[in-house]
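To start, the structure itself, in structure tokens.
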Amino acid sequence: MIKNLSVFITIFFPIFSFAQDSEYNISSFLNIGEKAQNIHHIGDAWLNFLSKADEDYNYNVVMATFSPNSTLDWHKHSTGQVLIVVEGEGYYQERGKDVIVLKKGDVIKSEKGVEHWHSSTPNSKVSYIAIYENEPTIWTEKLTKKYYDNID
């Protein structure tokens, strides 16, 4: 048995190693990413840049994870944004509209120039993939803890 395992490893390990050649740019949304500085949010948040914008792809693909009871400030994008919820529950609101709850599997588009915010709920973390063009986010207003705590 040990001899067979040794032969298997000797033959197939180089093949498996070669399959993960550095010629490919592979990332995983299963990694939580780096903890974000608390500049435009309250609570704990992590960002995993799955694909950064470059000369060939003018958009970012980012996995964001917010711990329960974390908020993101009001902001807008000059080119729009797509959010794909992959885990948990979160809040989403556009200026002048009601807050909605987003759940795993939900996809929402934030149209360009529309002020909005998104966050986790008080009792659930949320992870979503955000897709947006390579233009800076425009931060417009602090989302207060008092406002967040009064969401029904």
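With the first letter of the sequence shown counted as 1, position 19 gets the number 19 in full-length UniProt numbering; the numbers rise by one all the way through. Cβ coordinates follow ideal geometry from the N, Cα and C atoms, glycine included.
Could you give the distance in angstroms between the alpha-carbon of residue 212 and the alpha-carbon of E141? With the chain covering only 1 through 152, there is no way to say anything about residue 212.
Check whether H116 and K146 have beta carbons under 8 Å apart: Locating residue 116 in the sequence shown gives position 116, where the first residue counts as 1. Locating residue 146 in the sequence shown gives position 146, where the first residue counts as 1. No, Cβ-Cβ distance for H116 and K146 is not below 8 Å.
Give me the residue from P122, D106, I26, L50 with the minimum Cα distance to T71. As a first step, residue 71 must be located in the sequence shown, where it is residue number 71. Of the candidates P122, D106, I26, L50, the one whose C-alpha sits nearest the C-alpha of T71 is P122.
Specify, as a first and last residue, the run of the alpha helix (DSSP H) that K146 falls within. Against the sequence shown, residue 146 aligns to sequence position 146. First-last of the alpha helix (DSSP H) with K146: 145-149.
State whether the region 105-116 contacts the region 35-50, with contact taken as three or more CB pairs (one from each stretch) at a distance under 8 Å. They do not touch, by the three-pair rule.
Determine the extent of the beta strand (DSSP E) in which S124 is found, giving its start and end residues. Position 124 of the sequence shown, counted from the start, is the residue given in the question as residue 124. Annotation: S124 is outside any beta strand (DSSP E) and is labelled neither H nor E by DSSP.
DSSP three-state assignment for E133, whether helix, strand or coil: In the sequence shown, residue 133 corresponds to position 133, counting from 1. Strand.
Secondary structure of E111, DSSP reduced to three states: Residue 111 sits at position 111 when you count from the first residue of the sequence shown. DSSP places E111 in coil when its eight states are reduced to three.
Inspect the beta-carbon positions of I131 and Y59 and report whether they are closer than 8 Å. Translated into the one-based positions of the sequence shown, residue 131 becomes position 131. Translated into the one-based positions of the sequence shown, residue 59 becomes position 59. Against a cut-off of 8 Å, the Cβ pair of Y59 and I131 comes out as a contact.
Should Y92 be labelled buried (16 or more other beta-carbon atoms within 10 Å of its own) or exposed? As a position in the sequence shown, residue 92 is number 92, starting the count at 1. Buried is the call here.
Status (buried if at least 16 other CB within 10 Å, exposed otherwise) for T79: Reading the sequence shown from its first residue, position 79 is the one you call residue 79. Exposed, because fewer than 16 other Cβ atoms sit within 10 Å of the Cβ of T79.
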